[in-house]
Amino acid sequence: GEILVQTTPKLDLGDMALPLAFELAKKIGRKPREIAQELAPKLAVVEGIARADVAGGGFINLFLDRSAFTKHLSTFVTTRPAPGPRDGRVIVEHTSINPNKAAHIGHVRNSILGDTFVRLLRARGYNVLTQNYIDDTGVQVADVIVGFETIENKSLAEVRAVEGHFDYYCWDLYAQVFEWYGEDKERKALQAKALHAIEKHEGPTAELGEYVAARIVRAHIATMARLNIGYDLLVRESDILRQHFWAKAFDLLKETKAIEFQTEGKANGCWVLRMDRGNTDRSDSESSPQTAPPADLLGEGASTKDATDPKPGSPRGGGAVAPRIQDDENKIIVRSNGTVTYTGKDIAYQLWKLGKLGLDFRYRRHEDSTVARPLWSSTSGDADPGAPPFGAGASLVFNVIDVGQSYPQRVVKAGVAAVAGPEAAEGTRHLGYEKVVLSKATAKELGYEVDEDGGSVKVSGRRGLVVKADDLIEALKAKASSEIATRDPERSQADREKAAHDIAVGALRYFMLRFSRNRIITFDMEEALAFTGETGPYIQNSVVRARSILAKISAEGHDVAALLKRAHDQGLLSTWLATPEGSSAWSLFLAMARTEEAIETAVRTEEPSVMTRHAFQIAQAFHGYYQNPAHTVLRAENEDLRSVRVLVVDLFVKHMTDVASHLGIPIPDRM
RNA sequence: GCGCCCGUAGCUCAAUGGAUAGAGCGUUGCCCUCCGAAGGCAAAGGCUACUGGUUCGAGCCCAGUCGGGCGCACCA
2 GEILVQTTPK LDLGDMALPL AFELAKKIGR KPREIAQELA PKLAVVEGIA
52 RADVAGGGFI NLFLDRSAFT KHLSTFVTTR PAPGPRDGRV IVEHTSINPN
102 KAAHIGHVRN SILGDTFVRL LRARGYNVLT QNYIDDTGVQ VADVIVGFET
152 IENKSLAEVR AVEGHFDYYC WDLYAQVFEW YGEDKERKAL QAKALHAIEK
202 HEGPTAELGE YVAARIVRAH IATMARLNIG YDLLVRESDI LRQHFWAKAF
252 DLLKETKAIE FQTEGKANGC WVLRMDRGNT DRSDSESSPQ TAPPADLLGE
302 GASTKDATDP KPGSPRGGGA VAPRIQDDEN KIIVRSNGTV TYTGKDIAYQ
352 LWKLGKLGLD FRYRRHEDST VARPLWSSTS GDADPGAPPF GAGASLVFNV
402 IDVGQSYPQR VVKAGVAAVA GPEAAEGTRH LGYEKVVLSK ATAKELGYEV
452 DEDGGSVKVS GRRGLVVKAD DLIEALKAKA SSEIATRDPE RSQADREKAA
502 HDIAVGALRY FMLRFSRNRI ITFDMEEALA FTGETGPYIQ NSVVRARSIL
552 AKISAEGHDV AALLKRAHDQ GLLSTWLATP EGSSAWSLFL AMARTEEAIE
602 TAVRTEEPSV MTRHAFQIAQ AFHGYYQNPA HTVLRAENED LRSVRVLVVD
652 LFVKHMTDVA SHLGIPIPDR M
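Under my numbering, the first residue of the first sequence carries the number 2, and numbering increases by one thereafter.
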């Protein structure tokens, strides 16, 4: 089988730890410590291992041969062996904000999470297609249309003439519509009417709806572009309707008997999907390693755990764990009036993503000056030539949606299982995440009334208790800008703006990623604006300072390239690593060497926060090393030392820049 | 009622079933005639909510209890 390798609690115990004696002890029936003592000497002769100690109750701790280790430096630091391109394709859908109002912090968490996961997948060699789903025919859009048409009495031309932050404008209007509905129950009928018109795709109301949705989508894309978030394809709900995806899915569901027509009971006259053990596992994928994608789908057999053994025959705990059998539950897919539910449409859409529907969209270029990469959109009009094969289907589909949607996601998975089999269902992944709530202090600051009992305040778009994404970015930029101003008053305005933007993005992305997905984030303005400690700016600053060291010695007349060459040619690093100074940098090298593993873990466990912690560790190790005045590059005692130190700094800059890019964190030129 | 998630330092969070439970913030001391102090060093701070169990070993697994949050619609 495979051998489990762990890290030691402290570096002076060793570079790696093997707990295998414990495993063997179970099988042979001898004391772990004895086994370890026998094995250790044998391991010590393996190439690349300098020493093998026995510690604790039976750990074998390995010390790496540091000079041998440096032979591989150039490969792991600069041209990290990116795993070759993989077969098949992965779809990640994120953002998917209702196109009726501005994006808020909850959406920002979604998009940053999704975008970072895409980056990590790509770093692992996956061919990833990023999608943003646009529900342009939902009630939320209808509500805003009611606002424009009835409350404000605006024509399409007048709405077009609305200037400025259109998504903010609709934000207020949307809230207003809700109050307006409340005043008179009859008014709610207008919502249904508008919705119907939008779905019909006819008349001025539909036209207005299309305009509003499109304009707000542009606003969302611009907001996300500020955070280095982009997409390959926008999929519009209206196109799903017009391409009759549902009709096709309905046939498939009936053919496979996945859904049944009810002739009695509560769901009389409806088509329902049976939710029982046969077509879904009950455990939610969020936190259950059991349902993680199999190794061949994700992370090439990286599960170091050699197998599953809950020890056959030995009763676990208070008794054998029986699979939970729930009463069968039925989920209505088609209502008694013949209309399809949202979940039904979602099944159709998911089947398309997996290439199992047998239908495809038409595609057009989505022209947008704020985005760098080519962006496409589904369309029911004329297709543009040159579209990538979006409809080819993916073997793995990650849907980034909040955990509140776990149940509907489970239903979709069940539908997929019934129509396309267990493999397709297994490839349907819900990348769930918890919500973002406001801390009491921040809620008060924003002028909300706060219940003194609770610790936080729920963020709800509908109730308006939120921070808008653009406002948040602006607040971060302003803070960063003033920080720069106090540190460096001479800086030009343009320079400051640029750096402030990068710092704001780094701070926000790091903040949203550092928590595990199933952790509710209590958003506190003070905390999010922090630039010290475990933050994005800490990471950025480490690189900026490292680069400024290189710039400085260059300015002092030293030739950096020549110094690097000298260090390489004379193999100075390996002898240096044995010196006390080298030892103090050893943790930095070890940390950098673990980057590939960190990315693999982040992908396999579907947990990007692994990567922020990893980045922090590297930065911390570098700070710890270079902070020591005795390690100065500029005033190095001799050229050999100087060239080694330059090499260390240079390796760190390259490596950390790479790591930061996987997190979407930009490194400013100066801070 | 059923299901899921959370409970770890004053606060915010980590910890593939492994060693003395770690970080950041905050607090208290130090360190810029030293390549950028958005930094570094150090100290104080813990019955991992509680009770049992499984295991050589439990913050983690199992059963239960108590708190907190969220889902369970012919809404989207």
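Backbone N, C-alpha and C fix where the C-beta goes; we use that ideal spot for every residue, glycine too. Fair warning: this is a prediction, and the values are worked out from it, not measured in the lab.
Quick one: is histidine 656 buried, meaning 16 or more other Cβ sit within 10 Å of its Cβ, or exposed? Under a 10 Å Cβ-count criterion, histidine 656 is classified as buried, with 16 or more other Cβ atoms of the shown protein chains found around its own Cβ.
I need the boundaries of the beta strand (DSSP E) containing isoleucine 600, first residue and last residue. Counting along the chain, isoleucine 600 sits inside no beta strand (DSSP E); it lies in the alpha helix (DSSP H) bounded by residues 596-605.
Helix, strand or coil at histidine 632 according to DSSP, with G and I counted as helix: DSSP places histidine 632 in helix when its eight states are reduced to three.
Is glycine 534 near glycine 507, with beta carbons less than 8 Å apart? No, Cβ-Cβ distance for glycine 534 and glycine 507 is not below 8 Å.
Exposure of serine 370, with buried meaning 16 or more beta-carbon neighbours within 10 Å: Per the 10 Å Cβ criterion, exposed.
With 16 other Cβ atoms within 10 Å as the buried cut-off, status of arginine 411: Buried, by the Cβ-count rule.
By DSSP, does asparagine 542 sit in helix, in strand, or in coil? Asparagine 542 falls in the helix class under three-state DSSP.
For glutamine 192, which of helix, strand or coil comes out of DSSP? Glutamine 192 carries a helical assignment under DSSP once its states are collapsed to helix, strand and coil.
Considering only the alpha carbon of each residue, which of Glu368, His95 and Ala556 lies closest to asparagine 400? Here the closest residue by C-alpha is His95.
In or out: arginine 518 buried (at least 16 other Cβ within 10 Å) or exposed? So arginine 518 ends up on the buried side.
Rounded to the nearest angstrom, what separates glutamate 330 and alanine 415 at their Cα positions? Glutamate 330 and alanine 415 have their C-alpha atoms spaced approximately 12 Å apart.
Close Cβ partners of lysine 11 (< 8 Å) along its chain, the five nearest in sequence each way excluded: Nothing meets the Cβ criterion.
Only counting runs of 3 or more residues, tell me where the beta strand (DSSP E) segments fall wholly within the segment 476-559, in order along the chain. Residue ranges of uninterrupted beta strand (DSSP E) with 3 or more members, entirely inside the segment 476-559 and ordered along the chain, are 522-524.
Residue interval of the alpha helix (DSSP H) (run including aspartate 137): Counting along the chain, aspartate 137 falls outside any alpha helix (DSSP H), and DSSP gives it neither H nor E.
What does DSSP give as the partner residues of aspartate 54 in its beta bridges? Asn62, per the DSSP bridge assignment.
Are glutamine 351 and valine 417 close, meaning C-beta to C-beta below 8 Å? It is a contact, given that the beta carbons lie within the stated cut-off.
Completely contained alpha helix (DSSP H) runs for the segment 160-238, where each covers 4 or more residues: Assignment of alpha helix (DSSP H) within the segment 160-238, counting only whole runs of 4 or more residues, yields 167-184, 189-201 and 204-227 in chain order.
Determine the closest residue to glutamate 48 out of Arg34, Phe64 and Thr487, with distance taken between C-alpha atoms. Looking only at Arg34, Phe64 and Thr487, the smallest Cα-Cα distance to glutamate 48 is reached by Phe64.
Count the C-beta pairs between the segment 182-202 and the segment 110-124 that are closer than 8 Å, then say yes if the count reaches three, no if not. No, the segment 182-202 does not touch the segment 110-124.
Candidates Ala426, Ser156, Ala223 and Leu157, of which the one nearest glutamate 368 by Cα: The residue with the shortest Cα to Cα distance from glutamate 368 is Ala223.
For lysine 255, which residues does DSSP report across the bridge? In the DSSP output, where bridge partners are listed per residue, lysine 255 has none listed.
When DSSP labels each residue in this structure, what does glycine 148 get in the three-state scheme? In this structure, glycine 148 counts as helix in the three-state DSSP scheme.
Please return the same chain residues whose Cβ sits closer than 6 Å to the Cβ of arginine 548, not counting the five positions on each side in sequence. Excluding the 5 residues flanking it on each side, arginine 548 has same chain C-beta neighbours closer than 6 Å at Val654, in chain order.
Quick one: Cα of asparagine 128 to Cα of arginine 90, how far? The alpha-carbon atoms of asparagine 128 and arginine 90 are separated by roughly 5 Å.
Would you kindly work out how many angstroms separate the C-alpha atoms of leucine 70 and glutamate 35, rounded to a whole number? A quick correction: the sequence has phenylalanine, not leucine, at residue 70. Taking the straight line joining both Cα atoms gives about 30 Å.
Could you give the distance in angstroms between the alpha-carbon of arginine 336 and the alpha-carbon of glycine 356? C-alpha separation (whole angstroms): 27 Å.
State whether the segment 129-136 contacts the segment 233-240, with contact taken as three or more CB pairs (one from each stretch) at a distance under 8 Å. The segment 129-136 is in contact with the segment 233-240.
Looking at C-alpha atoms only, which residue of Lys258, Ala41, Ala563 and Arg671 is the closest neighbour of methionine 276? Minimum Cα-Cα distance from methionine 276 among the listed residues Lys258, Ala41, Ala563 and Arg671 corresponds to Lys258.
How many angstroms separate the CA atom of valine 178 from the CA atom of tyrosine 212? Cα to Cα, the separation comes out at about 19 Å.
Distance, Cα to Cα, valine 660 vs alanine 556? One Cα belongs to valine 660, the other to alanine 556, and the distance between them is close to 28 Å.
Given this structure, state the Cα-to-Cα distance separating threonine 8 from isoleucine 61, to the nearest angstrom. When rounded, the distance between both Cα atoms is 11 Å.
Going straight from the alpha carbon of threonine 633 to that of tyrosine 627, what length do you get? When the Cα atoms are used, threonine 633 and tyrosine 627 turn out to be separated by approximately 7 Å.
Spatial distance of glutamate 491 from arginine 497 (CA atoms): When only Cα atoms are considered, glutamate 491 and arginine 497 end up about 10 Å apart.
Is DSSP giving aspartate 659 helix, strand or coil here? When secondary structure is reduced to three states using DSSP, aspartate 659 falls in the helix class.
Burial state of glutamine 244 (16 or more Cβ within 10 Å): Looking at its Cβ environment, which holds 16 or more other Cβ atoms inside 10 Å, glutamine 244 is buried.
Straight-line gap, glutamine 263 to threonine 342 (C-alpha atoms, nearest Å): Taking the straight line from one Cα to the other gives about 16 Å.
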